[in-house]
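S.K.: This is the structure I want to talk about, given as structure tokens.
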């Protein structure tokens, strides 16, 4: 039990990541508001980013920059951060695209609620 | 937006933000940040300009055509820089292998093609941010 | 210069469509030029991938390409192995007639010249991402390419100016991003325990240490499976597909169903065999899971397809069913089964492309979506419907058509692996497939036609249909070179233990 | 080889030609149909002549590691002859029957296409070619089944397709398993699976029998056959009494003798059960037939019953059994097609499809009803008709196999057949004459001529069975 707790305290970023992931996934799947779905996706993505960056972190490490006076010191792994930068770029474009789509839907249906949109659509097709 | 204070202050601050963005872009290979982070800063300065001075003015200064051109050529620039290696008979995106002078590590003009690529990508990111903003704010989408 | 181009072929085939895509954005109004460039690029890439395939085939080893000249654990690698070039060949082949089909045909469907140009930009980005997936050998690049592909797919789906399209695109976007987040998570887990992103290095490291971290491997696998499952519409995760594929413009549906979902499957295939490897797959019984998931998808997809009344929706559900075959085949872990899967993938790519294009031509000519309303269209649009029939025969797996060879090897593989169950499911799926496709053919040929002026589409469209339909036949009648390449690919996948 | 290609392609080319000419060219279409079915029959005879004289005719189309191999052996040649010859008669008959009916172009196009496919089934030299033509036969006959286009026809068509495709699926699995066990699919050079141990092959044989049994209408799998009787009579006659169902029987013969070989099949446990399934089908089929009032339905169930004669002959794995099976394929086809033709004439010229209302049609259709009577006698197994001999061989075979109960099954079936069909004829000629003489005009002649010739054939073979015996003997010698 104590080892379990120990693991928990050492690896707390991962637990945060998992909790965020679950929150995000739940939001995406259960909320009917299109905006909330989008927020859920963003939260999930952030969770994964946190996981990656935590993996690259070394406690007491310095920044991995070659500037002449920290050679030899332990430095953190820069690769996950660089990768997550790309991940953030991707997430920005996803968000932008999703917002554009939400706007288009809002203009057509006058609402951003997925259930309501489904109802309205059925009414339109029924006619 | 007709707020006088906001307009004056942003008139003073925005150029500096913009320049700071370029600084981040140019120093991407020797310090934290880089073309994406810098590009975002530049882009945000332009977006701030649009929010403060209104869309018409912003549109007049940043017509859609120019933004599209920057976006396309920014990406093409990257590819062309990558193809330098191919033309020299070494792999794509080769830097030192392609015979480019990579300079002394730690100085601004080091890293060969990286700096050139950074500039291209940086302004591309800036223009993309602005385009996205315009696309979402303006009526037709 | 030529030798340099040949040596750089793995990256050039990926760069070419991306390059053209961004050239197109500056040519918005000159639609003829845009279309010409798209088709030209497609042909160029096809020739390039042909050379690449010949090269890999003759050398009998995978071609490793180091971007920037940096060797593997530090640099990013491209690996043009037999699996990669096989898919590259298929994807680049299908993309040419599909783009030819859209020539002079799209403006009505997507509305306006500028939107058409934007459509082509997204189309080329998707193609580039697909070719990239074929040759990438780096896990993070897989994620990036998957995202590029997803976003361009969403763009293509929403390119029609209809609220329905926006809705389908939004659902697709949310679910696909959920999927890619899971994929990224899966990659993260692997990266955390191995410290590598290059597939070869990850494989070696993973096989050394997996016994100490079984849970992480297991989690990573399930993340990957669900992530790629969402993207490639594996049965219970397929909910986005019918809407997305049926509301998109026809060339987009053709490329989405024919190629895009396959790209994700190729990624899954590469990750399972090149990253996890044979031993791990056996140890975690991944093959059983895949066979089961595939079987459910085959039957459920086919039954759902049978229940649809709209032509394009039926074809979309048919894709759900056909994906099941490929997933099942990935789980049949022997040479015959895997080469059958790859061949089946190729056969389905061409057959489904021709089906969607023909369906699109019929729908736009008649303005009717329902199958029952298309009675007698076979006599009014002979070329289109003949192509559709050939596609149906190919998908159903009648001998002399593309699907048969794939099914033959899938069944052979499953019988050799000692299980009888997949064979039965494959046959049941084929019968259902015949039921849902031939009922369309029956309605089109054997029911009285209304007195309407329906006509075959223009010359470019006809050529596209004929090229794809003859590809279905060629794959069925002369499968040898492709089969050998697929066999090589299967051996290459199984070589890593 | 040249003749082989021509024999298979004459039907296919003819079908495409018919489809290509305009709809209203009725005369031209008829000539094409006649010429191409005659050509098909002619080339089949040429090929058969080569085969029986011991020359090797073969054609191999390489499809990678799978190749289509076409090489008729005596069994294939016999089946090819039956099919293509009867096709010629049917085309003449259908000129009469189809006159003035709708959708003639579609009908004749697929009619000829099916000829090509049936000949293909007959001449195929490996399992893959057999499968290809077998599957194609299903698809090319489907438009004929749904010719009437009504809801009934569509339902029957769906049933037809689903049953046959499921069967073909079972066959495909079995073929692939055979390939993976033996590594080859060719029929030449002894049975494919010869030399393997019998253990574990039971289900393979079962799968094959289920697959081919669909078309051969073995009892639980027979349902599509009566349903498909909604098709026009020439189609029912040819496809559902001759070509399609016989290709099923042919497939079973192929599986037992060319794939397994009678020695291996004899070692399988399942081969003890198979004759009894066939025997059950024989009796159950004819009993159900007795309860049907629509003539075509009754004939359909009689078909179910009679097909199992051949199957039973094949299942007893005995020389005389095989001889009987092959002989029955020949004899039964000539007579069954006659019966269907007669039923078609009765419904067309007298307008009756129900047996209960056929009282007194005899005097108005004297030739038809007498030919019907002759064919019925043949179905029972009376002497001047050819089926006597096939029944004789079958019974001889079952006794030789030590199973005299099976011989009794044949006798019982003969009696029920008599009870089932003789009253129709008797009824037809009894009762007052209320109807006018209807066998007049070119149309009637076109329909009657094939019937008369076929019955004459049947009687000649019945009196001189030596005419066809060499062919049967060649088949038997091939396997024993």
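Residue numbers (our numbering), protein chains in the order written: chain A, 1 to 127; chain B, 1 to 141; chain C, 1 to 497; chain D, 1 to 480. Think of the CB as a built atom: it goes at the ideal place given N, C-alpha and C, for glycine as much as any other residue.
What first and last residue would you give for the alpha helix (DSSP H) that runs through residue 164(D)?
M.R.: Its alpha helix (DSSP H) spans residues 151-182.
S.K.: Residue 304(D) and residue 222(D) - do their beta-carbons sit closer together than 7 Å?
M.R.: A contact, by the Cβ cut-off of 7 Å.
S.K.: Could you have a look at residue 32(A) and say whether DSSP puts it in helix, strand or coil?
M.R.: Note: residue 32(A) maps to coil in three-state DSSP.
S.K.: CB-CB under 8 Å to residue 29(D), same chain, minus the five flanking residues each way: which ones, in chain order?
M.R.: Excluding residues within five positions, the ones whose Cβ falls inside 8 Å are 18, 21, 104, 105 and 108.
S.K.: Taking one C-beta from the segment 187-203 of chain D and one from the segment 264-272 of chain D each time, how about it: are there three or more such pairs within less than 8 Å?
M.R.: Taking 8 Å as the limit for Cβ pairs, the verdict is that the segment 264-272 of chain D does touch the segment 187-203 of chain D.
S.K.: Mind checking residue 479(C): buried by the 16 CB within 10 Å criterion, or exposed?
M.R.: Label assigned to residue 479(C): buried.
S.K.: If distances are taken between C-alpha atoms only, which option among 114(A), 120(A), 122(A) and 47(A) comes closest to residue 188(C)?
M.R.: Cα-wise, what sits closest to residue 188(C) is 47(A).
S.K.: Taking only runs of the alpha helix (DSSP H) that begin and end inside the segment 66-90 of chain D, which ones reach a length of at least 4 residues, in chain order?
M.R.: DSSP runs (the alpha helix (DSSP H)) wholly in the segment 66-90 of chain D: none.
S.K.: Kindly indicate the opening and closing residues of the alpha helix (DSSP H) around residue 481(D).
M.R.: This structure gives no information on residue 481(D), because the portion of chain D shown stretches from 1 to 480.
S.K.: For a test of the three-state rule: what should DSSP assign to residue 309(D), helix, strand or coil?
M.R.: Of the three classes helix, strand and coil, the one that applies to residue 309(D) here is helix, per DSSP.
S.K.: For residue 55(A), decide whether its Cβ has a neighbour in chain C, counting only Cβ atoms nearer than 7 Å.
M.R.: So yes, residue 55(A) belongs to the interface.
S.K.: If the criterion is Cβ atoms closer than 7 Å, does the pair residue 129(D) and residue 179(D) meet it?
M.R.: Not in contact: residue 129(D) and residue 179(D) (Cβ atoms no closer than 7 Å).
S.K.: In the DSSP assignment, find the alpha helix (DSSP H) that holds residue 62(D) and state where it starts and stops.
M.R.: From DSSP, residue 62(D) is part of no alpha helix (DSSP H) but of the beta strand (DSSP E) over 59-63.
S.K.: Check residue 122(A) in the structure and name its three-state DSSP category.
M.R.: It is helical.
S.K.: With a Cβ-Cβ cutoff of 7 Å, do residue 167(D) and residue 214(D) count as a contact?
M.R.: Yes, these two residues count as a Cβ contact at 7 Å.
S.K.: Looking at C-alpha atoms only, which residue of 210(C), 229(C), 204(C) and 137(C) is the closest neighbour of residue 181(C)?
M.R.: Here the closest residue by C-alpha is 229(C).
S.K.: Using a C-beta to C-beta distance shorter than 8 Å, which residues of chain C count as neighbours of residue 37(A)?
M.R.: In chain order: 174.
S.K.: Between residue 293(C) and residue 327(C), which are expected to be in contact by the criterion C-beta below 8 Å, what is the C-beta distance as a whole number of angstroms?
M.R.: Indeed, because the Cβ distance is near 6 Å, the residues count as touching under 8 Å.
S.K.: Of all the CB atoms in chain B, is at least one closer than 7 Å to the CB of residue 22(C)?
M.R.: Yes - at least one Cβ of chain B is within 7 Å of the one on residue 22(C).
S.K.: Assuming contact is defined by CB atoms lying nearer than 7 Å, are residue 49(C) and residue 98(C) in contact in what I supplied?
M.R.: Against a cut-off of 7 Å, the Cβ pair of residue 98(C) and residue 49(C) comes out as no contact.
S.K.: Use the C-beta contact count for residue 437(D): other C-beta atoms within 10 angstroms, 16 or more gives buried, fewer gives exposed.
M.R.: It counts as exposed.
S.K.: Contact criterion: CB-CB distance below 7 Å. Does residue 150(D) meet it with respect to chain C?
M.R.: With 7 Å as the cut-off, residue 150(D) does not count as an interface residue toward chain C.
S.K.: Residue range of the alpha helix (DSSP H) that residue 79(C) falls in?
M.R.: Careful: residue 79(C) lies outside any alpha helix (DSSP H), inside the beta strand (DSSP E) at 77-80.
S.K.: At a Cβ threshold of 7 Å, is residue 285(D) touching chain C?
M.R.: No, residue 285(D) does not count as interfacial toward chain C.
S.K.: Looking at the structure shown, is residue 467(D) part of a helix, part of a strand, or coil, going by DSSP?
M.R.: Residue 467(D): helix per DSSP, three-state reduction.
S.K.: Give the DSSP-derived three-state secondary structure of residue 456(C) in the structure shown.
M.R.: In this structure, residue 456(C) counts as coil in the three-state DSSP scheme.
S.K.: Could you tell me which chain C residues have their CB closer than 8 Å to the CB of residue 64(B), listed as they occur along the chain?
M.R.: Residues of chain C passing the Cβ test: none, with the nearest at roughly 10 Å.
S.K.: For chain C, check one thing: does any of its Cβ atoms lie closer than 7 Å to the Cβ of residue 72(B)?
M.R.: True, the Cβ-Cβ gap to chain C drops below 7 Å.
S.K.: Looking at residue 311(D): is its Cβ nearer than 7 Å to the Cβ of residue 476(D)?
M.R.: It is not a contact, given that the beta carbons lie outside the stated cut-off.
S.K.: List, in order along the chain, the chain C residues whose C-beta lies closer than 7 Å to that of residue 132(D)?
M.R.: What residue 132(D) touches in chain C: 399 and 400.
S.K.: What is the DSSP secondary structure of residue 64(C), counted as helix, strand or coil?
M.R.: Three-state DSSP puts residue 64(C) in a strand.
S.K.: Can you tell me whether residue 513(C) is helix, strand or coil according to DSSP?
M.R.: The question about residue 513(C) has no answer here: the residues shown for chain C are numbered 1 through 497.
S.K.: Alpha carbon to alpha carbon, what distance is there between residue 158(C) and residue 168(C)?
M.R.: Cα-Cα distance, rounded: 7 Å.
S.K.: Spell out whether any CB of chain B is found under 7 Å from the CB atom of residue 120(A).
M.R.: Closer than 7 Å: no.
S.K.: Would you report the Cα separation of residue 39(B) and residue 132(B), rounded to the nearest angstrom?
M.R.: Those two C-alpha atoms are separated by around 14 Å.
S.K.: Please name the residue, chosen from 403(D), 427(D), 411(D) and 287(D), that lies closest to residue 355(D) on a Cα-to-Cα basis.
M.R.: The shortest C-alpha separation from residue 355(D) is found at 427(D).
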